[in-house]
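A short write-up of the structure that comes next.
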Amino acid sequence: MMKEFTIPFVGLKEGKHRFEFDIKQSFFENFDYHEFNSSDIKVSLLLNKTSTMMELNFEANGIINVNCDLTNEPFNQDISTSLHLIVKFGEEFNDENEEILILPHGEYEVKVQQYIYEMIVLAKPSKSIHPGVEDGTLDSEILSKLEEYSLKEKSEEEESEDIDPRWNKLKNLLTDK
1 MMKEFTIPFV
11 GLKEGKHRFE
21 FDIKQSFFEN
31 FDYHEFNSSD
41 IKVSLLLNKT
51 STMMELNFEA
61 NGIINVNCDL
71 TNEPFNQDIS
81 TSLHLIVKFG
91 EEFNDENEEI
101 LILPHGEYEV
111 KVQQYIYEMI
121 VLAKPSKSIH
131 PGVEDGTLDS
141 EILSKLEEYS
151 LKEKSEEEES
161 EDIDPRWNKL
171 KNLLTDK
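Written as structure tokens, this is what we have:
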């Protein structure tokens, strides 16, 4: 499963190597993640191999289609993110540190799909608002209902008319010293 995200580094020469990945909706379905309606993201991975370690620099740019949190209208959200990961070698596998991955000596490949997945999911804004809501161009039934039921601000004149006149008498006590 997802073999294209497994990089066999043992045969690579020291230096920089570039890998490209096209991330579509099926990628997220493999992780049982269904927050996106669709996705079209290009991930570029620059792997810098030295004799003792590897540096992985991920860059992701593209579009995810999500539903607006206010109106539930689908829209395209731009995604642009990056991730830096250092791969070292040790006695046993350890991925507890989010910036350093330790692979056991003798390992010959690294699986990067989990890092790509987390990088993209974490890049999604916590609140997805349709651009048409922000600039007022989206004509939505839900928006109309929200506006209809929202509390209207009262002007100062209206507020002063709502005050019981007996309170004004009490206010005079404070000023009539």
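Numbering-wise (UniProt numbering), the sequence shown opens with residue 1 and increments by one. We put the beta carbon where it would ideally sit given N, CA and C, even for glycine. Note that this is a predicted model, so its numbers are computed, not measured.
Can you check the region 59-112 for any beta strand (DSSP E) of at least 3 residues that lies completely inside it and give the ranges in chain order?
Here the runs fully enclosed are 74-90, 100-104.
Residue from Leu56, Lys88, Asn76, Ile63 with nearest C-alpha to Ser82
Residue Leu56 holds the alpha-carbon nearest to the alpha-carbon of Ser82 among Leu56, Lys88, Asn76, Ile63.
Between which two residues does the beta strand (DSSP E) harbouring residue 182 extend?
Because the chain in this structure spans residues 1 to 177, residue 182 falls outside the shown range and cannot be described.
Element boundaries [alpha helix (DSSP H), containing Phe31]:
Element bounds for Phe31: n/a, residue is neither H nor E.
Cα-Cα, which of Lys13, Thr6, Val87, Tyr33 is closest to Phe21?
Phe21 has its Cα closest to that of Thr6, out of Lys13, Thr6, Val87, Tyr33.
Would you report the Cα separation of Lys88 and Lys124, rounded to the nearest angstrom?
Straight-line spacing of the CA atoms in Lys88 and Lys124 works out to 29 Å.
Is it buried or exposed, Val10, if we count other Cβ atoms within 10 angstroms and call 16 or more buried?
Counting the other CB atoms within 10 Å of its CB gives Val10 a total below 16, which places it among the exposed residues.
In the DSSP assignment, what are the bridge partners of residue 178?
Any answer about residue 178 is impossible in this case: the structure gives the chain only from 1 up to 177.
Among Ile63, Val112, Met2, which one has its Cα closest to the Cα of His84?
It is Val112.
Opening and closing residue of the beta strand (DSSP E) in which Gly15 lies
For Gly15, the uninterrupted beta strand (DSSP E) run begins and ends at 15-23, by DSSP.
Sub-7 Å separation of Asp69 and Ser126 beta-carbons
No. Outside cutoff.
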